[in-house]
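Undergrad: Residue numbers (my numbering): 2 to 101.
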């Protein structure tokens with residue numbers, strides 16, 4: 002099962018890279034979100050948070066408000082312990098929170 006999760010993550014990595022070139026922001030953000038879900042399934046919380054963060058940035062920059070709100074809720078629910086200070090600050094910035 003772990004191998005299949007890694008294969009799926011590789012697929013979504015490629016899809017978001019392709020979407021960046023086309024550009025197709027919805028596909029890019031969706032691919033990043035799914036990569037985050039797969040990372041979360043493997044217990045890689047920090048990597049998942051980084052993927053959700055990148056997806057949220059793409060959605061926000063391209064005025065995909067509903068999509069951004071869905072990603073925002075994922076970021077709010079991500080555990081903060083274990084995140085690097087830089088990643089924590091970026092998440093706080095995207096969420097509109099004062100850096101704590």
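A virtual CB, placed ideally from N, CA and C, is assigned to each residue, including glycine. Fair warning: this is a prediction, and the values are worked out from it, not measured in the lab.
On a Cα-Cα basis, can you pick out the residue from 18, 4, 96 that is closest to residue 70?
TA: Start at 1 with the first residue of the chain shown, and residue 70 comes out as number 69. Here the closest residue by C-alpha is 96.
Undergrad: Between residue 62 and residue 68, is the Cβ-Cβ spacing less than 8 Å?
TA: As a working mapping, residue 62 is identified with position 61 in the chain shown. As a working mapping, residue 68 is identified with position 67 in the chain shown. No.
Undergrad: Less than 6 Å between C-beta atoms, sequence neighbours within five positions excluded: which residues of the same chain meet that for residue 16?
TA: Counting from 1 along the chain shown, the entry for residue 16 is found at position 15. Taken in chain order, the residues that qualify are 32.
Undergrad: Buried or exposed: where does residue 52 fall if 16 or more other Cβ atoms within 10 Å of its Cβ makes it buried?
TA: Position 51 of the chain shown, counted from the start, is the residue given in the question as residue 52. Buried.
Undergrad: Does residue 72 pass the burial test, meaning 16 or more other C-beta atoms within 10 Å, or should it be called exposed?
TA: Translated into the one-based positions of the chain shown, residue 72 becomes position 71. Answer is buried; the Cβ neighbour count reaches 16.
Undergrad: Helix, strand or coil for residue 2, going by three-state DSSP, please let me know.
TA: Mapped onto the chain shown, residue 2 falls at position 1. In the structure shown, residue 2 sits in coil (DSSP, three-state: anything other than H, G, I, E or B).
Undergrad: With DSSP run on the structure shown, which of helix, strand or coil describes residue 45?
TA: In the chain shown, the residue the question calls residue 45 occupies position 44. Note: residue 45 maps to coil in three-state DSSP.
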